[in-house]
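K.L.:
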Amino acid sequence: MSFGDAFFGISWLDIIIRTLIVVIAMTVVVIYLTYGERKVVARFQMRLGPTRTGPAGLLQGVADALKLVVKEDLRPRNADRWVFEFAPYATFVPVFLVLLTLPFAENWGVRNLALGMFFVFAVLGLNIVGVLMAGFGSGNKYALLGGVRAAAQMISYEIPLVVALLTVAMLAGTLDLNLIASLQGDRPFILVQPLAFVIFFIALLSELHRAPFDIPVAESEIVGGYFVEYSGIRWSMFQLAEYAALWGFSIFGSVIFLGGWNFPFGSEVGVGLQLALTLIKSTLMILLIFWVRATMPRLRMDQLMSFCWKVLIEISFVLLLITGFFLYYNWPQEILALVNWGGALLLLTVIFIRTRRKSEAEDLVGTYKNIEVTE
Amino acid sequence: MITEILWWFFAIAIVGTAAGVVFSRSVVHAAIFLILSLAGVGGLYIFLTVEFVALVQFLIYGGAVTVLILLALMMTRLDATGAPDKLTGPQAPFGALVGITLLLTLVGVSLATAWPGDVDDLPTNITIEQIGDVMFTSYGAPFIIASALLLVAFIGAIVFAKQEDEV
Chain A
6 MSFGDAFFGI SWLDIIIRTL IVVIAMTVVV IYLTYGERKV VARFQMRLGP
56 TRTGPAGLLQ GVADALKLVV KEDLRPRNAD RWVFEFAPYA TFVPVFLVLL
106 TLPFAENWGV RNLALGMFFV FAVLGLNIVG VLMAGFGSGN KYALLGGVRA
156 AAQMISYEIP LVVALLTVAM LAGTLDLNLI ASLQGDRPFI LVQPLAFVIF
206 FIALLSELHR APFDIPVAES EIVGGYFVEY SGIRWSMFQL AEYAALWGFS
256 IFGSVIFLGG WNFPFGSEVG VGLQLALTLI KSTLMILLIF WVRATMPRLR
306 MDQLMSFCWK VLIEISFVLL LITGFFLYYN WPQEILALVN WGGALLLLTV
356 IFIRTRRKSE AEDLVGTYKN IEVTE
Chain B
5 MITEILWWFF AIAIVGTAAG VVFSRSVVHA AIFLILSLAG VGGLYIFLTV
55 EFVALVQFLI YGGAVTVLIL LALMMTRLDA TGAPDKLTGP QAPFGALVGI
105 TLLLTLVGVS LATAWPGDVD DLPTNITIEQ IGDVMFTSYG APFIIASALL
155 LVAFIGAIVF AKQEDEV
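Chains as they are written, first to last, in the numbering used here: chain A, 6 to 380; chain B, 5 to 171.
Below is the structure:
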């Protein structure tokens with residue numbers, strides 16, 4: 006039984022049924038992710054979170070979704086009509102395409118691609134177009150600025166994300182997600198390439214607009230950034246895309262670094278347990294993301310950019326070089342793992358020390374330099 | 005059968021969106037049509053079973069290049085009045101000259117070349133390993149020169165963007 010075989014009768018029907026299953030699973034997961042995020046973050050802040058709707062507030066997500074569907078769908082008068090209306094779909098479609106190539110269990114997904122990891126990078130780039138369309142189409146200069154900022158952030162963090170994943174692809178020798186997962190039967194790649202995982206995780210937070218990199222959507226500062234003019238069903242499309250991306254990329258990350266559907270340190274398990282393992286591992290990733298959100302304060306735009314261009318990209322390129330040397334000269338992977346662990350601990354320590362540092366701000370403008378205009 | 009229907013769908017979509025690029029009265033709309041058109045070309049590459057080239061097309065042309073065009077347009081050309089742009093200008097004859105020359109060249113080359121695919125209708129499936137082997141062995145020098153060119157462009161962009169505060 007492999008990806009190519011049609012499980013549900015004829016091949017096109019098989020694709021449709023598999024896609025439908027993913028769509029339904031995605032909808033349920035997104036509804037409960039919003040609930041889960043509120044609950045988890047509330048516990049971090051010594052609150053209770055939603056408790057009223059249904060037992061322990063379990064129906065809160067459903068109630069929110071219903072409210073959003075019946076809410077009035079506003080379009081600003083000077084909005085660029087078609088760009089405005091198609092932008093939510095342009096953000097959502099790439100995220101959905103990512104879900105189509107993920108292996109949820111051994112040989113179990115919609116379609117396995119030989120270039121699966123590269124496919125994910127490619128559609129990740131298309132995601133930016135929707136953000137820019139939303140920013141431009143709203144006919145609002147704040148939305149436009151939000152869109153441009155979000156695009157700049159996403160383009161920048163794509164580089165360390167891709168390079169960090171490439172180091173793992175070099176170790177695996179393939180871009181096939183299913184094969185990458187099955188190679189991690191005895192040891193997941195996070196043990197060999199922890200530094201790549203740290204870089205991937207930080208860049209992922211930024212790609213998903215999660216705190217501390219949630220500047221494009223910072224609700225307490227710029228009230229929504231590029232989707233400030235959206236309401237009702239179109240706004241919920243953006244939320245759907247965001248949470249579906251959170252889920253999809255958590256599975257993607259767990260497939261690449263945590264071994265996906267493998268039972269840790271090797272023993273064959275059935276499809277049911279494989280699905281459960283994928284869900285558990287991706288839930289761990291999601292909880293880590295929520296944990297970071299509840300713990301870290303938001304970065305400033307210039308800090309965000311210089312962290313990417315002056316720290317992450319350099320480290321990821323050095324890691325790429327080191328991995329290349331180890332693979333070319335067949336040096337033992339244990340030493341690579343040691344180097345990696347050292348690098349990862351160093352990076353995390355530096356981040357920790359920098360976050361504990363006292364602010365150098367003297368006034369409200371902070372440490373921005375005053376630009377002297379001459380001539 | 006279904007492949008042919010899809011091929012025609014993509015062909016019409018590419019030509020239609022390309023017409024949209026030319027005839028669109030707003031330059032940002034033209035850029036968005038350009039994304040669709042280039043993504044459609046990427047879809048055609050999938051029919052030729054060169055998935056790697058298709059994904060590169062999505063990544064580079066669908067994503068990166070047009071996003072940069074959009075960013076530049078949005079920051080510079082945003083017209084508050086929303087008045088539609090004119091389709092022609094004083095540069096129209098030169099544009100027509102370049103366009104017609106390019107069209108004639110492409111048609112001429114495509115008719116004059118003996119395409120290897122004419123032998124049988126089956127496209128060869130090229131894997132990413134083959135591309136990598138050829139790129140880093142036979143075409144190593146062009147690869148390095150292209151990288152150096154990009155590096156120079158990159159450094160140039162940084163020099164332009166850098167604030168002159170310590171000179």
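Note that CB positions come from ideal geometry on N, CA and C, so glycine has one too.
As the structure is a computational prediction, the values presented were derived from the model and not from experiment.
Quick check on DSSP: helix, strand or coil for Trp-113 (chain A)?
P.N.:
Residue state, collapsed to three classes: strand.
K.L.:
Compare the beta carbon distance of Phe-194 (chain A) and Val-168 (chain A) with 7 Å and say whether it is the shorter of the two.
P.N.:
No, these two residues do not count as a Cβ contact at 7 Å.
K.L.:
Gly-275 (chain A): buried (16+ other C-beta within 10 angstroms of its C-beta) or exposed?
P.N.:
It is exposed - the Cβ of Gly-275 (chain A) has fewer than 16 other Cβ atoms within 10 Å.
K.L.:
Please name the residue in A:Phe-123, A:Glu-273, A:His-214 and A:Leu-166 whose C-alpha comes closest to that of Gln-244 (chain A).
P.N.:
Of the listed residues, the one whose Cα sits closest to Gln-244 (chain A) is A:His-214.
K.L.:
Cβ closer than 7 Å: which chain A residues qualify as neighbours of Ala-68 (chain B)?
P.N.:
Ordered by position in chain A, the residues that pass the 7 Å Cβ test against Ala-68 (chain B) are Gly-130.
K.L.:
Are the C-beta of Lys-76 (chain A) and some C-beta of chain B separated by less than 7 Å?
P.N.:
Answer no: the Cβ-Cβ gap between Lys-76 (chain A) and chain B never drops below 7 Å.
K.L.:
Output needed in chain order: residues of the segment 124-154 of chain B with a Cβ under 8 Å from some Cβ in chain A.
P.N.:
Listed by position, the residues of the segment 124-154 of chain B near chain A (Cβ gap below 8 Å) are Thr-131 and Ile-132.
K.L.:
Where do the ends of the alpha helix (DSSP H) carrying Asn-183 (chain A) lie?
P.N.:
Unbroken alpha helix (DSSP H) run through Asn-183 (chain A): 182-187.
K.L.:
If we count the other Cβ atoms within 10 Å of its Cβ and call it buried at 16 or more, is Arg-154 (chain A) buried or exposed?
P.N.:
Result: buried.
K.L.:
Helix, strand or coil for Ile-256 (chain A) per DSSP?
P.N.:
Ile-256 (chain A) falls in the helix class under three-state DSSP.
K.L.:
Can you pull the chain B residues whose beta carbon is under 7 Å from the beta carbon of Met-138 (chain A), in chain order?
P.N.:
Ordered by position in chain B, the residues that pass the 7 Å Cβ test against Met-138 (chain A) are Ile-36.
K.L.:
The alpha helix (DSSP H) spanning Gly-190 (chain A) covers which residue range?
P.N.:
Careful: Gly-190 (chain A) lies outside any alpha helix (DSSP H) and carries neither H nor E.
K.L.:
State the Cα-Cα distance for the pair Thr-70 (chain B) and Thr-58 (chain A), rounded to the nearest angstrom.
P.N.:
Using only the alpha carbons, I get a separation of about 45 Å.
K.L.:
Do three or more CB pairs link the segment 251-263 of chain A to the segment 183-199 of chain A at distances below 8 Å?
P.N.:
Contact holds: three or more Cβ-Cβ distances are below 8 Å.
K.L.:
Quick check on this structure: which residue in A:Ala-156, A:Ala-208 and A:Ala-249 has the alpha carbon closest to the alpha carbon of Val-222 (chain A)?
P.N.:
Comparing Cα-Cα distances from Val-222 (chain A) to each of A:Ala-156, A:Ala-208 and A:Ala-249, the minimum goes to A:Ala-156.
K.L.:
Quick one, which residues of the segment 107-133 of chain A are near chain B if we go by CB-CB under 9 Å, in chain order?
P.N.:
Those would be Leu-118, Ala-119, Leu-120, Phe-123, Phe-124, Phe-126, Ala-127, Val-128, Leu-129, Gly-130, Leu-131, Asn-132 and Ile-133, in chain order.
K.L.:
Compute the beta-carbon to beta-carbon distance between Pro-217 (chain A) and Met-301 (chain A), rounded to the nearest angstrom, for a pair I have assumed lies under 8 Å.
P.N.:
The Cβ separation is near 4 Å, so the contact holds.
K.L.:
For the alpha helix (DSSP H) containing Gly-41 (chain A), list its first residue and its last residue.
P.N.:
16-49 is the span of the alpha helix (DSSP H), which, as asked, contains Gly-41 (chain A).
K.L.:
Near Glu-77 (chain A), which residues of its chain fall below 7 Å by C-beta distance, leaving aside the five closest residues on each side in sequence?
P.N.:
Only Ser-236 and Gly-237 meet the Cβ criterion.
K.L.:
Identify the contact partners of Ile-39 (chain B) in chain A, using a Cβ-Cβ distance below 7 Å as the criterion.
P.N.:
Correct list: Val-134.
K.L.:
Mark Leu-154 (chain B) as exposed unless 16 or more other C-beta atoms lie within 10 angstroms of its C-beta, in which case mark it buried.
P.N.:
Classification for Leu-154 (chain B): exposed.
K.L.:
Label Trp-119 (chain B) either buried or exposed according to how many other C-beta atoms from any shown protein chain fall within 10 Å of its C-beta, with 16 as the threshold for buried.
P.N.:
The residue is exposed, with fewer than 16 neighbouring Cβ atoms inside 10 Å.
K.L.:
Please determine if the segment 103-114 of chain B and the segment 60-80 of chain B are in contact, where contact requires at least 3 C-beta pairs separated by less than 8 Å.
P.N.:
Verdict: no, contact absent.
K.L.:
Reducing DSSP to helix, strand and coil, say where Ile-294 (chain A) ends up.
P.N.:
Helix.
K.L.:
Locate the alpha helix (DSSP H) running through Leu-255 (chain B), then write down its first and last residues.
P.N.:
One cannot answer for residue 255 (chain B) here, as it falls past the ends of chain B, which runs 5 to 171.
K.L.:
So, Phe-14 (chain B) versus Leu-59 (chain B), is the Cβ gap smaller than 7 Å?
P.N.:
Not a contact, by the Cβ cut-off of 7 Å.
K.L.:
For Trp-252 (chain A), count neighbouring Cβ atoms within 10 angstroms of its own Cβ and tell me buried if that reaches 16, exposed if not.
P.N.:
With 16 or more other Cβ atoms within 10 Å, it is buried.
K.L.:
Can a CB atom of chain B be found closer than 7 Å to the CB of Phe-141 (chain A)?
P.N.:
Cβ-Cβ to chain B under 7 Å: yes for Phe-141 (chain A).
K.L.:
How is the alpha helix (DSSP H) around Gly-59 (chain A) delimited, first residue to last?
P.N.:
Unbroken run through Gly-59 (chain A): none, as it is neither H nor E.
K.L.:
Determine whether the Cβ of Leu-63 (chain B) lies closer than 7 Å to any Cβ atom of chain A.
P.N.:
Answer yes: the Cβ-Cβ gap between Leu-63 (chain B) and chain A drops below 7 Å somewhere.
K.L.:
For a test of the three-state rule: what should DSSP assign to Phe-268 (chain A), helix, strand or coil?
P.N.:
Three-state DSSP puts Phe-268 (chain A) in coil, outside helix and strand.
K.L.:
Expressed to the nearest angstrom, what Euclidean distance is found between the alpha-carbon atoms of Ala-17 (chain B) and Gly-347 (chain A)?
P.N.:
Their backbone Cα atoms lie some 52 Å apart in a straight line.
K.L.:
Going straight from the alpha carbon of Tyr-162 (chain A) to that of Glu-111 (chain A), what length do you get?
P.N.:
Distance between the alpha carbons of Tyr-162 (chain A) and Glu-111 (chain A) is about 30 Å.
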